[in-house]
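Take a look at the structure below.
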Amino acid sequence: MPDDLFRRDVLDGRQGEWMGTIRIASPTSHWVYAGLGGVIGLVIILFLAFGHYTRHQTVQGTLVPSRGLLSITASLAGTVTRTYAHDGEHVKAGQPLVEISADRDSAKIGLIDALITQSLDNQAALLRSDLDNEKSLVATKKTGLLAKRAMLKSQLAEIASQITIQRQDVASTESVLARFHSIGNTKFISALQMQQQQSTVFGAQAELKTLQRDQVGIEQQLGDVDNQLRQLPMSAVSESNATRTKLADITQELARNAGGRSIILRAPSAGIVSAMVVEPGQAVQQGQSVLSVMPAGSVLRAQMLVPSHAVGFIHPGMRLNLRYNAFPYQEFGQHHGVVLSVSRSALTPEQVLALTQMQTKQPLYRVMVRLDSQNVDVYGRTEHLRPGLALDATVVLDRRRLIQWVFEPLYGLGDNLFLGNHPAPARGTP
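Numbering (full-length UniProt numbering), first residue to last: 1 to 430.
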């Protein structure tokens with residue numbers, strides 16, 4: 001009867017209670033791993049959401065002076081005999097820098113240029129002596145002409161006096177002859193006396209004509225002397241000019257010979273000697289660069305040639321990180337600068353060759369960067385930067401969130417699907 005107090009279903013259901021309830025137990029390490037995985041997942045999600053990916057391009061460049069670098073070349077082939085400056089020295093415009101000699105030597109006669117110079121010097125000395133002598137010669141000649149003129153004047157006065165007397169003599173003899181003719185019919189004058197008197201008249205007249213001819217000759221001589229005196233200054237100037245012309249020609253030849261023997265290269269402007277590449281005794285060729293001068297007031301700037309795929313991201317005012325090859329950035333850190341200008345068009349291969357001495361067919365753009373500092377701190381001392389120093393610069397091309405980079409293929413796929421379903425309108429369609 002007691003068994004009937006409970007239904008069979010209840011009894012059957014409670015037969016397994018002595019075994020207890022079913023419980024699935026999980027080890028503690030699993031919870032730790034799950035929590036750690038959740039944290040890692042959260043970190044990854046946060047990293048993708050807030051992290052950024054930067055795509056950059058490294059370009060090379062060099063330091064150049066803002067006012068250019070003056071390259072001084074040898075104008076003749078020869079040997080460096082003396083240097084007047086050294087690297088880093090401040091020089092003034094026109095200051096001597098290098099002396100180059102090109103003396104020619106002969107086994108028989110020695111230094112040819114020196115002999116030519118000596119010969120030209122001797123000729124110049126003779127011409128200078130002639131110039132000095134010409135002054136005294138002109139004075140002597142003038143004195144002689146004046147003395148001759150005075151003598152001719154005296155002779156002319158004497159002849160004039162003689163002519164006056166001779167005319168009186170002619171008049172007297174002619175008067176006697178006339179009286180002879182007037183009394184000739186009276187037979188007091190013989191024919192012989194008449195003939196003798198006639199001869200006397202002819203002789204007096206001949207003597208008068210001789211004196212008159214002498215007078216004309218002396219007057220002509222006096223006129224010649226006067227002409228010589230008038231022409232003497234002009235003749236002296238002409239001879240002096242001719243001598244001076246010869247002296248100038250010789251002086252020019254001396255200068256040409258001296259210029260062919262040795263030259264002194266001078267600083268074209270004030271500045272700092274930046275590259276003295278020759279030493280005394282060194283042979284140089286014509287057109288060879290011997291040193292460079294950085295003009296005063298010039299500062300160093302970074303010049304970079306950037307390829308076309310990177311130049312679009314560079315603009316004036318943009319800051320760049322610079323690394324000088326001479327000062328490794330791992331030890332001396334990075335340096336900074338600001339973009340000053342970007343060329344509007346790509347440089348030609350010739351322009352690239354002139355700037356870098358390298359040939360390339362790749363389109364390159366010139367970018368100029370102003371440096372934040374002209375110095376580098378090297379182990380506690382200040383080291384000045386130098387022209388031509390090579391450097392690398394980092395150009396940031398793109399900066400995006402990592403999640404954008406991860407889902408970029410999906411964005412591209414969506415764009416392709418959108419464009420596939422909605423074709424672009426034809427040209428000219430509104």
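All residues carry an ideal CB built from backbone N, CA and C; glycine is no exception. A quick note: this is a predicted structure, and the numbers were derived from the prediction, not measured.
{"Check": "Exposed unless 16 or more other CB atoms sit within 10 angstroms - verdict on K108", "Outcome": "In this predicted model, K108 has a pLDDT of only 49, less than 50, meaning its place in the structure is not dependable enough to derive any value."}
{"Check": "Short Cβ contact (8 angstroms threshold) for E253 with V80", "Outcome": "no"}
{"Check": "Short Cβ contact (8 angstroms threshold) for A267 with L97", "Outcome": "yes"}
{"Check": "Cut-off 7 angstroms between Cβ atoms - residues of its own chain near A236, not counting five sequence neighbours on either side", "Outcome": "E134 and V138"}
{"Check": "Among P233, A302, I100 and T382, the one whose alpha carbon lies nearest that of S64", "Outcome": "Looking at the sequence shown, residue 64 is not Ser but Val. Closest option to V64, Cα to Cα, is A302."}
{"Check": "Reduced DSSP category for E350 - H, G, I as helix; E, B as strand; rest coil", "Outcome": "helix"}
{"Check": "I272, buried or exposed, once every other Cβ within 10 Å from all chains shown has been counted against 16", "Outcome": "buried"}
{"Check": "Distance between beta carbons of L145 and L229, contact taken as under 8 angstroms", "Outcome": "5 angstroms"}
{"Check": "Where D132 sits in the DSSP three-state scheme", "Outcome": "helix"}
{"Check": "From R323, A93 and F202, residue whose alpha carbon lies closest to that of F332", "Outcome": "R323"}
{"Check": "Extent of the continuous alpha helix (DSSP H) to which Y329 belongs", "Outcome": "Y329 to F332"}
{"Check": "contact_flag[the region 374 to 382, the region 353 to 363] where n(CB pairs < 8 angstroms) is 3 or more", "Outcome": "no"}
{"Check": "Whether A204 touches T245 by CB criterion (8 angstroms)", "Outcome": "no"}
{"Check": "Cβ contact check for the region 343 to 351 and the region 289 to 299: 3 or more pairs under 8 angstroms", "Outcome": "no"}
{"Check": "For T140, the residue or residues it bridges with in DSSP", "Outcome": "Beta-bridge pairing links T140 to no other residue."}
{"Check": "For V342 and P307, believed in contact at Cβ under 8 angstroms, the rounded distance", "Outcome": "Not confirmed; about 13 angstroms, so no contact."}
{"Check": "N-terminal and C-terminal residue of the alpha helix (DSSP H) that A275 is part of", "Outcome": "Careful: A275 lies outside any alpha helix (DSSP H) and carries neither H nor E."}
{"Check": "Supposed contact pair L156 and Q215 - C-beta distance, whole angstroms, cut 8 angstroms", "Outcome": "7 angstroms"}
{"Check": "Span of the beta strand (DSSP E), counted from its first residue to its last, around H336", "Outcome": "H335 to V342"}
{"Check": "Counted within 10 angstroms of its Cβ, other Cβ atoms place Q166 as buried (16 or more) or exposed", "Outcome": "buried"}
{"Check": "Cβ-based burial, H336 [other Cβ within 10 Å; buried from 16]", "Outcome": "exposed"}
{"Check": "For H315, the first and last residue of its enclosing beta strand (DSSP E)", "Outcome": "Where H315 is concerned, there is no enclosing beta strand (DSSP E), given that its DSSP letter is neither H nor E."}
{"Check": "C-beta contact flag for P387 and L69 at 8 angstroms", "Outcome": "yes"}
{"Check": "C-beta contact flag for L211 and I159 at 8 angstroms", "Outcome": "yes"}
{"Check": "Check whether L131 and S240 have beta carbons under 8 angstroms apart", "Outcome": "yes"}
{"Check": "Of the listed residues H181, A206, L208 and E207, nearest to Q195 (C-alpha basis)", "Outcome": "H181"}
{"Check": "Beta-carbon spacing of A390, D87 below 8 angstroms", "Outcome": "no"}
{"Check": "Residue of Q197, A178, S66 and V395 minimising C-alpha distance to residue 432", "Outcome": "The shown model of the chain, from 1 to 430, leaves out residue 432, and the question about it has no answer."}
{"Check": "Extent of the continuous beta strand (DSSP E) to which G78 belongs", "Outcome": "G78 to T83"}
{"Check": "Contact set for R82: own chain, Cβ-Cβ below 7 angstroms, skip 5 residues either direction", "Outcome": "E99 and P280"}
{"Check": "Buried versus exposed, by CB contacts within 10 Å (16 or more), M358", "Outcome": "exposed"}
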